[in-house]
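**Student:**
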Ligand SMILES: Cc1cc2nc3c(=O)[nH]c(=O)nc-3n(C[C@H](O)[C@H](O)[C@H](O)COP(=O)(O)OP(=O)(O)OC[C@H]3O[C@@H](n4cnc5c(N)ncnc54)[C@H](O)[C@@H]3O)c2cc1C
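Chains as they are written, first to last, in our numbering: chain L, 84 to 165; chain R, 68 to 481.
1) Going residue by residue through the stretch 263-303 of chain R, where are the continuous alpha helix (DSSP H) segments of at least 4 residues, counting only ones entirely within it?
2) Give a single yes or no on whether residue 417 of chain R has its beta carbon closer than 7 Å to a heavy atom of ligand 1.
3) What did DSSP end up calling residue 236 of chain R once you bin it into helix, strand or coil?
4) Let's test the definition: count the other Cβ atoms within 10 Å of the Cβ of residue 179 of chain R and tell me whether it reaches 16, buried, or not, exposed.
5) In angstroms with no decimal places, state the Cα-to-Cα distance between residue 156 of chain R and residue 423 of chain R.
6) So is the beta-carbon of residue 103 of chain R under 7 Å away from any non-hydrogen atom of ligand 1?
7) Checking contacts by CB at 8 Å: is residue 84 of chain L closer than that to chain R?
8) What does the alpha-carbon distance come out to for the pair residue 84 of chain L and residue 142 of chain R?
9) Between the stretch 72-92 of chain R and the stretch 404-421 of chain R, do at least 3 Cβ pairs fall closer than 8 Å?
10) Can you name the start and end residues of the beta strand (DSSP E) that residue 220 of chain R belongs to?
11) For residue 190 of chain R, is the beta carbon positioned less than 7 Å from some heavy atom of ligand 1?
12) Taking 8 Å as the CB-CB cut-off, is residue 392 of chain R touching chain L?
13) Which whole runs of the alpha helix (DSSP H) in the stretch 414-466 of chain R are 4 residues long or more, in chain order?
14) For the alpha helix (DSSP H) containing residue 388 of chain R, name the first residue and the last one.
15) Pick from R/277, R/292, R/271: whose alpha carbon is nearest that of residue 256 of chain R?
16) Establish whether the CB of residue 263 of chain R and some CB of chain L are separated by less than 8 Å.
17) Looking at ligand 1, does it come within less than 7 Å of residue 100 of chain R, judged from the CB to the closest heavy atom?
18) Which first and last residues belong to the alpha helix (DSSP H) in which residue 336 of chain R is found?
19) Across which residues does DSSP place residue 75 of chain R in a beta bridge pair?
20) When the Cα atoms are used, what is the spatial distance from residue 214 of chain R to residue 171 of chain R?
21) Can you pull out the residues from the stretch 247-272 of chain R whose beta carbon lies closer than 8 Å to at least one beta carbon of chain L?
22) State the DSSP-derived secondary structure class of residue 205 of chain R, mapped to helix, strand or coil.
23) Roughly how many whole angstroms lie between the Cα atoms of residue 212 of chain R and residue 451 of chain R?
24) Give me the chain L residues within the contact set of residue 473 of chain R, using Cβ-Cβ distance strictly less than 9 Å, ordered along the chain.
25) Residues of the stretch 340-355 of chain R in Cβ contact with chain L at a cutoff of 7 Å, in chain order, please.
26) For residue 471 of chain R, which three-state DSSP category applies?
27) CA-CA distance, residue 135 of chain R and residue 136 of chain L?
28) Return yes when the C-beta of residue 450 of chain R is under 7 Å from any heavy atom of ligand 1, and no when it is not.
29) Would residue 87 of chain R be called buried (16 or more neighbouring beta carbons within 10 Å of its own) or exposed?
30) To which residues of the same chain is residue 318 of chain R closer than 7 Å at the C-beta, ignoring the five residues directly before and after it?
31) Label residue 188 of chain R either buried or exposed according to how many other C-beta atoms from any shown protein chain fall within 10 Å of its C-beta, with 16 as the threshold for buried.
32) What I want to know is whether the C-beta of residue 293 of chain R ends up closer than 7 Å to one or more non-hydrogen atoms of ligand 1.
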């Protein structure tokens, strides 16, 4: 079983993939949309999540609630890995 | 027939329009030469549909105009046309603009100037100095013509005249990427929440092998008109297999074809996947793909990214650049660099002047700046300002005066 994905991991991953430029001190509960997550970044995120975490996020998964914070995104990815 | 004018403006994009109108308002006899059949450049021919750089960067609730004169006038006319005011995006204010309104507004602006002649369908193909005057060769539908002028403003976007007059110019090794903007109609509704699901559907289309990976560069924005959207597809510019060169016809041709191919594929795919898109269709292709950066002038001074970052100000500044550096060196969305404390940066008059020629000014996205600074000053709000300044300077010079930044600021502000 693979390790649980948490918000911190997601923040590091979003930064390293250059999907979002998150400021120093960006927390797992801060709003990713305010940090610039737009539809184009979401597409990259979905593609990158498949490569990094082996999950295939579907269109129905892509809601404001699921993508709103690093924490919620981590939970979504985790759910798909289960 | 050879026309003889005080000021010739080459290219009628946002910068050239501002230059031509402002020079004629000073009483100069002006000719504006434009190869398309309408004005506006990227803002019309390439369907770029927001004015950025009009307002100061700030967290204050109300958008505040950064530059008086032509940019403010344009903003007012556009707001009257669309009924839409500036939209706040974080600390940025952008004004939605519609290319069809832009074309009409430009027509009205130039018609109001009795000393301004616009010559459309006229591609400038050569420029040279002869006995102290500029000779401009142009081509229209197979015939060649000539215009003589005292002063030239190059607002061609691509610094097309630089090689002809042997002036210094450069092309950055890693240019901002181009994009293909197109119109869509027939989408039943486009609520904001829907964007995310649409993004997911496009990825599903790519996974299924129906769409190419290039579709990852796509985003949609409502045009402000009922049932109309714009799609913007960021492209690498390397569709021909060679490195991106916005001055090479082979690369440009591949860019146009690929833009249309991916856009058609996406709309067809969404028609299948989303009930709201069942009747959607591509309603408009641009006259040309959007080019963010190409050949730039190397003028008397070069404004740098470091100066934009610091919010530098200058004695001879003619306008303020307020848009942060929006780097688009790949197709994965913008990377932003904001100035400290959201400061505006002054653009020196000498960024619009070139060595050796006092009777030549440049304006728009190809003024003398480095690659990073260009990522700020290319936006249309700033192009209106540099165009305005170049037009005023050209009129002063043609009238026998010496353009100074302070007198230009005074005229623009009055
Ligand atoms: C995809 C994309 C998105 C953008 N998004 C925004 C945005 O949201 N907001 C914003 O403010 N800016 C945006 N920009 C930047 C902005 O649109 C351009 O930088 C700006 O419009 C440039 O204006 P310009 O007058 O300098 O040049 P252009 O608009 O390129 O105008 C040059 C004009 O000169 C003419 N011309 C060229 N050569 C000749 C010749 N030899 N003879 C006769 N005529 C000639 C051309 O036909 C054209 O009309 C975007 C750009 C792109 C490509």
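Just so it is clear, CB atoms sit at the ideal spot from N, CA and C, and this is done for glycine as well.
**Tutor:** This is what the structure gives:
1) none
2) no
3) strand
4) exposed
5) 43 Å
6) yes
7) Only weak support is given to the placement of residue 84 of chain L: the predicted model assigns it a pLDDT of 49, under 50, and the value that follows is read from those uncertain coordinates. Not an interface residue.
8) Because the pLDDT at residue 84 of chain L is just 49, under 50, the model does not fix this residue reliably, and the point stays unresolved.
9) no
10) 210-221
11) yes
12) no
13) 438-444, 447-465
14) From DSSP, residue 388 of chain R is part of no alpha helix (DSSP H) but of the beta strand (DSSP E) over 384-388.
15) R/292
16) yes
17) yes
18) 316-340
19) R/98, R/219
20) 26 Å
21) 260, 262, 263, 264, 265, 266, 267, 268, 269, 270, 271
22) strand
23) 28 Å
24) None at all; the shortest Cβ gap to chain L is about 39 Å.
25) none
26) coil
27) 52 Å
28) yes
29) buried
30) 304, 307, 309, 311, 312
31) exposed
32) no
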